[in-house]
Amino acid sequence: MQRVAIARSLLMRPALLLADEPTGNLDSKSTDAVLALVDEVHAQGQTIIMVTHDSDVAEHAERQIHLRDGRVEHDSAR
């Protein structure tokens, strides 16, 4: 379902894709499929802001910003 939602949102060719927990409640196989799609879309030049509580998912990002209590706790680029 998440892959369909991502594909639908890309039809409008947004300048920025917002992904709020795109892998939430997915099994590992589905998570891998969604992350592969996100990686593919990003490789085509799409800017993506992804919110996640999963550190394994966050590792796919070029830049990670960690928030705690509404404040930036950590900001790093790969």
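If you're matching positions, the sequence shown starts at 0 in numbering that gives the first Met the number 0 and goes up one per residue. In this text, a Cβ means the ideal position worked out from N, Cα and C, and glycines have one as well.
Beta-carbon separation (whole angstroms), residue 16 vs residue 8, contact threshold 8 angstroms: 6 angstroms
Cut-off 6 angstroms between Cβ atoms - residues of its own chain near residue 34, not counting five sequence neighbours on either side: 59
Rounded Cβ spacing between residue 22 and residue 46 (contact assumed at less than 8 angstroms): Not confirmed; about 19 angstroms, so no contact.
Endpoints, the beta strand (DSSP E) within which residue 19 is located: 15-19 is the span of the beta strand (DSSP E), which, as asked, contains residue 19.
Simplified DSSP assignment, three categories, for residue 70: Residue 70: strand per DSSP, three-state reduction.
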